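Numbering of the sequence shown is given in our numbering, commencing with residue 122 and proceeding in unit increments.
Just so you know, even glycine gets a beta-carbon here, dropped at the ideal spot from N, CA and C.
Quantities reported herein were computed from a predicted structural model and do not represent experimental measurements.
Shown next, in structure tokens, is the structure this report addresses.
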Amino acid sequence: MSPTAAEPSVFQAIADPTRRAILRHLCGADERTPTQIAAPLAMTLSAVSQHLKVLRAAGLVSVRQAGRERWYRLEAHPLREVSDWARTYERFWTEKLDALSSYLEEEAKREEEDK
Numbered sequence: 122m123s124p125t126a127a128e129p130s131v132f133q134a135i136a137d138p139t140r141r142a143i144l145r146h147l148c149g150a151d152e153r154t155p156t157q158i159a160a161p162l163a164m165t166l167s168a169v170s171q172h173l174k175v176l177r178a179a180g181l182v183s184v185r186q187a188g189r190e191r192w193y194r195l196e197a198h199p200l201r202e203v204s205d206w207a208r209t210y211e212r213f214w215t216e217k218l219d220a221l222s223s224y225l226e227e228e229a230k231r232e233e234e235d236k
């Protein structure tokens with residue numbers, strides 16, 4: 122499912138370092154309230170709520186209402202799209218760097234033979 126203009130993509134959601142910090146924070150717990158998320162990040166509840174709204178729209182967090190509290194949980198499966206994208210470039214650079222390494226080893230051997 123591709124995002125509409127109103128829905129942020131996973132890439133847009135994780136582009137912000139604050140949202141990445143929130144995801145890291147949620148990664149270490151089952152669920153957290155906005156207050157629990159805001160405290161270690163030294164952020165206002167309003168700011169955290171705005172970031173959680175973007176993360177929720179991108180499918181990266183889910184929310185459960187329990188009385189007056191909202192409990193947020195990391196939903197990591199949308200990050201597979203990012204992982205798959207990065208893996209493409211990882212293969213590209215691994216191949217290029219392996220070729221460079223082989224070339225440099227050959228050049229070093231040639232220089233050693235020329236001495």
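Item to complete: Using three-state DSSP, classify residue 181 as helix, strand or coil.
Response: coil
Worksheet entry | Distance, residue 142 Cα to residue 149 Cα | Answer to the nearest angstrom: the Cα atoms are 11 Å apart.
Worksheet entry | Per DSSP, the bridge partner or partners of residue 192 | 185
Worksheet item: Which residue from 154, 170 and 216 puts its Cα closest to that of residue 192?
Response: 154
Discussion item. Looking at the secondary structure, which residues open and close the alpha helix (DSSP H) in which residue 138 lies?
Written reply: 138 to 148 is the extent of the alpha helix (DSSP H) around residue 138.
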